[in-house]
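Protein chains: 2
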Amino acid sequence: MGKCLYQHNLKALLSDQYEDLVQQGIRKNLIPMDILFREGEAAANSYLVTKGCLKLSKLNAQGGEVIIRYITPGDMAAAPAVLRNGDYPVTAQALKFTEVIVWDKEGFIALIQKNPKIAMDLLMTVYDRLEDLQTRYLELSSEQAEQRIAKMMISLMKHAGQEHSSGVHIDIPLSRQNIADHIGASMYTVSRTLSTWEKSGWLKSSRKQITITNPGALKALGKT
Amino acid sequence: MGKCLYQHNLKALLSDQYEDLVQQGIRKNLIPMDILFREGEAAANSYLVTKGCLKLSKLNAQGGEVIIRYITPGDMAAAPAVLRNGDYPVTAQALKFTEVIVWDKEGFIALIQKNPKIAMDLLMTVYDRLEDLQTRYLELSSEQAEQRIAKMMISLMKHAGQEHSSGVHIDIPLSRQNIADHIGASMYTVSRTLSTWEKSGWLKSSRKQITITNPGALKALGKT
DNA sequence: CGCTCTATTGATAAACCTCAAATACAGTGG
DNA sequence: CCACTGTATTTGAGGTTTATCAATAGAGCG
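Protein chains in written order, with the numbering used here: chain D, 1 to 224; chain S, 225 to 448.
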């Protein structure tokens, strides 16, 4: 499918030249809850996540968090903001032990000049995110909370799912509040929904842990 | 402000080389309601709007329209989808008499190879849209309908406002349904809200026509 | 074991959608 | 110029989803 062509190229490129990149960039380790950069700060560095998970979020006028995206290994963060000399539009926080590669502005521009193809790959990565967000905007405006939660679970299975004999475990520590903040619902609605699903035997969950035992049921819900 | 640097460059570039571009691309005129391309079709052409207005929308599962964005003169449509060899992610429809410049895939790639800077400018344009949509996603998930309508009106004033002695006229023929589909509300809620504002003397509206007479009041509402 | 953070669950309220019906308006053809 | 027709808008009534509030229970940690 053409859809993932360029994104995969970007990931492959970054992966092939891993040694080079590490020499040009700097490895950095984060512990859970560490904040990598904050919304509104001048964008100084570009990041590539190699292990763990980042949460990209904005604050609304009431001080509540809205989670724009979760960043898993192979994804970049902040690159276009750096290229444009702008501010970070979101806050990036580690949800678990996370490793990133850091380039400062000069290093990242040098990297692109050395590999001009990266500019096009980056364009396609940003475009992927735009398309994804367009779809989620549609869902937020026309589907109800249960469907949006189901779709989020399915997406998480793809990006952070670990096959297990008991089901697919979501390898990101997500609270009910984290889920709510991502799909535009309240923590209470999320809690009630997951409780119902658990009673139906579709998933198992404990504090910040989710294992999906009946993916088909959730996919069917998402298509409703 | 750094924020608009690249977008403006793209517009300027396209404008400076207008004659060149017209020779490479083809001028095309649309009448109101004409559909330029449809969601799901293979992306064949890139467009630059030079006059009029396009509505970019997706269909939800119930067949309802969700309007992702309005495209006004100087903005592009479909470029990244063409570069990636993908499908159009949205449907583009003219809301008034509209002129676009068309490049087929080969022509557009040739254009970029002749002016490599365009790739970076395009990246920044796509990034602008991503940031805009991130902000609207936040608003949709945490603000109520009245505030979202107010913010849409303010945004329209900037992009399609015509100063007039009686106020700022929105130079796009928007139905209540069009407004509702953009901000994720029902036509009825939009109608009630505009009626209230009209009674307060903040705007005047007739069928598909809006003139804002008290921008300050709407801006204050948006900041609530 | 107590402290803190997270999750659950019930009761209530608010925002908003849906449905229905009336009204206003633009364009058309006689 | 006017009636006619189809579309757009308005407004009320009622229902639904979901947020909010409050109270409780549970999990992890020192």
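Where is the CB? At the ideal position from N, CA and C, for every residue including glycine.
Rounded to the nearest angstrom, what separates residue i and residue j at their Cα positions?
{"i": "S:Tyr230", "j": "S:Asp328", "result": "Low per-residue confidence applies at S:Tyr230: pLDDT is 39, beneath 50, and the placement is therefore not dependable enough to give any value."}
{"i": "S:Ile378", "j": "S:Leu442", "result": "7 angstroms"}
{"i": "S:Glu422", "j": "S:Ser429", "result": "7 angstroms"}
{"i": "S:Ile333", "j": "D:Thr98", "result": "39 angstroms"}
{"i": "S:Ser172", "j": "D:Ser195", "result": "An answer regarding residue 172 of chain S cannot be provided, because it is not within the stretch 225 to 448 covered by chain S."}
{"i": "S:Ala447", "j": "S:Cys277", "result": "The residue asked about is misnamed: residue 447 of chain S is Lys in this sequence, not Ala. C-alpha separation (whole angstroms): 28 angstroms."}
{"i": "D:Arg192", "j": "D:Ile172", "result": "20 angstroms"}
{"i": "S:Gly440", "j": "S:Gln371", "result": "13 angstroms"}
{"i": "S:Arg400", "j": "S:Val414", "result": "6 angstroms"}
{"i": "S:Met381", "j": "S:Glu363", "result": "18 angstroms"}
{"i": "S:Leu335", "j": "S:Ala302", "result": "15 angstroms"}
{"i": "D:Ile170", "j": "D:Leu30", "result": "20 angstroms"}
{"i": "S:Pro304", "j": "D:Glu106", "result": "26 angstroms"}
{"i": "D:Leu221", "j": "D:Lys114", "result": "47 angstroms"}
{"i": "S:Tyr271", "j": "S:Arg251", "result": "10 angstroms"}
{"i": "D:Asp227", "j": "D:Val82", "result": "Coverage of chain D is limited to positions 1 through 224, which leaves residue 227 of chain D absent and any answer about it impossible."}
{"i": "D:Arg129", "j": "S:Val350", "result": "10 angstroms"}
{"i": "S:Ala343", "j": "D:Leu123", "result": "8 angstroms"}
{"i": "S:Lys320", "j": "S:Gly298", "result": "16 angstroms"}
{"i": "D:Lys55", "j": "D:Val90", "result": "9 angstroms"}
{"i": "S:Lys375", "j": "D:Met152", "result": "28 angstroms"}
{"i": "D:Ile67", "j": "D:Gly25", "result": "27 angstroms"}
{"i": "S:Tyr361", "j": "S:Gly408", "result": "10 angstroms"}
{"i": "D:Leu133", "j": "S:Ile373", "result": "20 angstroms"}
{"i": "S:Val300", "j": "D:Ala145", "result": "The sequence given here has Met at residue 300 of chain S, not Val. The straight-line gap from Cα to Cα measures roughly 34 angstroms."}
{"i": "S:Leu398", "j": "D:Ser141", "result": "19 angstroms"}
{"i": "S:Asn269", "j": "D:Asn45", "result": "35 angstroms"}
Please identify the residue among the options whose C-alpha is closest to the C-alpha of residue i.
{"i": "D:Thr72", "options": "D:Ala160, D:Arg148, D:Gly184", "result": "D:Ala160"}
{"i": "S:Gln386", "options": "S:Thr437, S:Lys375, S:Gly298", "result": "S:Thr437"}
{"i": "S:Val392", "options": "S:Ala404, S:Leu418, S:Ala369, S:Trp426", "result": "S:Trp426"}
{"i": "S:Asn309", "options": "S:Arg360, S:Asp405, S:Arg372, S:Ala267", "result": "S:Ala267"}
{"i": "D:Glu65", "options": "D:Lys158, D:Thr211, D:Tyr188, D:Asp181", "result": "D:Asp181"}
{"i": "D:Ser165", "options": "D:Tyr127, D:Met157, D:Thr211", "result": "D:Thr211"}
{"i": "D:Asn178", "options": "D:Gln134, D:Gln209, D:Ser200", "result": "D:Gln209"}
{"i": "S:Val273", "options": "S:Val326, S:Met344, S:Leu307, S:Phe261", "result": "S:Val326"}
{"i": "S:Asn284", "options": "D:Thr135, D:Ala78, D:Asn29", "result": "D:Thr135"}
{"i": "D:Arg69", "options": "D:Asn45, D:Glu131, D:Leu123", "result": "D:Glu131"}
{"i": "S:Leu260", "options": "S:Val324, S:Asp299, S:Ile291, S:Gly249", "result": "S:Val324"}
Using a 10 Å radius around the Cβ and a threshold of 16 neighbouring Cβ atoms, would you call residue i buried or exposed?
{"i": "S:Tyr312", "result": "buried"}
{"i": "D:Glu143", "result": "buried"}
{"i": "D:Gln93", "result": "buried"}
{"i": "D:Arg207", "result": "exposed"}
{"i": "S:Gly287", "result": "exposed"}
{"i": "D:Ser200", "result": "exposed"}
{"i": "S:Lys282", "result": "buried"}
{"i": "S:Met257", "result": "exposed"}
{"i": "S:Gly264", "result": "exposed"}
{"i": "S:Pro340", "result": "exposed"}
{"i": "D:Arg38", "result": "exposed"}
{"i": "S:Lys275", "result": "exposed"}
{"i": "S:Tyr412", "result": "exposed"}
DSSP on residue i, reduced to helix/strand/coil?
{"i": "S:Lys275", "result": "strand"}
{"i": "D:Met33", "result": "coil"}
{"i": "S:Asn339", "result": "coil"}
{"i": "S:Val306", "result": "helix"}
{"i": "D:Asn178", "result": "helix"}
{"i": "S:Asp356", "result": "helix"}
{"i": "S:Tyr361", "result": "helix"}
{"i": "D:Cys4", "result": "Its pLDDT being 30, under 50, D:Cys4 is placed unreliably in this model, and the value from its coordinates should be taken loosely. Looking at D:Cys4 - three-state DSSP - the assignment turns out to be helix."}
{"i": "D:Ala217", "result": "helix"}
{"i": "S:Asp299", "result": "coil"}
{"i": "S:Tyr312", "result": "coil"}
{"i": "D:Ala42", "result": "strand"}
{"i": "S:Ala334", "result": "helix"}
For residue i, which residues does DSSP report across the bridge?
{"i": "D:Glu163", "result": "D:Val168"}
{"i": "S:Val326", "result": "S:Ile250, S:Tyr271"}
{"i": "D:Leu59", "result": "D:Glu65"}
{"i": "D:Lys204", "result": "D:Thr211"}
{"i": "D:Gln147", "result": "None; D:Gln147 has no bridge partner."}
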